[in-house]
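Below is one structure, written out as structure tokens; comments come after it.
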Amino acid sequence: MFYGVTAEEDEIISTAISTPFSFHNGEEVLKGRSLSREGLGVHCPNQGAKAFHFNRRQKLKDCHIQIDGLTIYFCQLQVVELKELNGEYIYGLRILSILPQEQEKLEAVYESKLCELDDDCNKWTAISSS
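Following my numbering, the numbering of the sequence shown begins with 32 at its first residue and continues without gaps.
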């Protein structure tokens, strides 16, 4: 029923940060659950059903997320994982292709979310802005 990452290149190395966002794939909008430098965690809407929304290794093209008032576009993502987390089914999506300017936006959002979790980062930001 569940499947994990099967290849080393599919692994998400950076810390996955739990944060809400909307994931847009064509006309469909799903709930985003986590964000990392290499990929996304997206809620599986078919929880409890025998059929799943995406297939293993399926490639998703021309998707985007909306987070904190920004839209970040992805040329191509790949489904690399389906896991249960806190009673929800979550798809792990790995970024296969992203434009450089979109990568910069993703990195900025990721760093700001990471900073929100790190008290030392918040202290440094307060000191450096005074």
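Built from N, CA and C at the ideal position, the CB exists for glycine as well.
By DSSP's criteria, T102 is part of a beta bridge. Which residues make up the other side?
Within the sequence shown, residue 102 is the residue found at index 71, counting from 1. Answer is Q97, bridged to T102.
Which one of E69, E58, T46 has the shortest CA to CA distance from E133?
Along the sequence shown, read from residue 1 onward, the residue named residue 133 stands at position 102. The option with the nearest alpha carbon to E133 is E69.
Just to confirm my understanding: we take E119, look at its own chain, exclude 5 residues before and 5 after, and list those with CB closer than 8 Å. What are they?
For the purposes of this step, residue 119 is identified with residue 88 of the sequence shown, where counting begins at 1. Hits under 8 Å: R64, H74, C75, Q78.
Report yes if the CB atom of I48 is closer than 8 Å to the CB atom of L145, and no otherwise.
Taking the sequence shown and counting its residues from 1, one reaches residue 48 at position 17. Taking the sequence shown and counting its residues from 1, one reaches residue 145 at position 114. Their beta carbons are under 8 Å apart, which means I48 touches L145 by this criterion.
With a threshold of 16 other CB atoms inside 10 Å of the CB of C106, please say whether the residue is buried or exposed.
As a first step, residue 106 is located in the sequence shown; it is residue number 75 there, counting from the start. Under this definition C106 is an exposed residue.
Out of S128, Q97, L91, P131, point me to the one whose CA is closest to S53's CA.
What you label residue 53 is simply residue 22 of the sequence shown in a count that begins at 1. Of the listed residues, the one whose Cα sits closest to S53 is Q97.
G35 to G123, Cα distance in whole Å?
On the sequence shown, position 4 is the one that residue 35 refers to. On the sequence shown, position 92 is the one that residue 123 refers to. With a pLDDT of 47 at G35, under the threshold of 50, the predicted position of this residue should be treated as unreliable, though the coordinate-derived value follows. Distance between the alpha carbons of G35 and G123: 9 Å.
Buried or exposed for L130, going by 16 or more other Cβ atoms inside 10 Å?
Taking the first residue of the sequence shown as position 1, residue 130 is located at position 99. L130 is exposed by the Cβ-count criterion.
On the CB-based measure, 16 or more other CB atoms within 10 Å of its CB, does L108 come out buried or exposed?
Counting from one through the sequence shown, the residue named residue 108 turns up at place 77. It counts as buried.
Do I121 and G72 come within 8 Å of each other at the CB atom, strictly closer than that value?
Looking up residue 72 in the sequence shown gives position 41. Looking up residue 121 in the sequence shown gives position 90. Yes, they are a contact pair.
What's the gap between the Cα of L66 and the Cα of Y141?
As a first step, residue 66 is located in the sequence shown; it is residue number 35 there, counting from the start. As a first step, residue 141 is located in the sequence shown; it is residue number 110 there, counting from the start. Approximately 7 Å between the Cα atoms of the pair.
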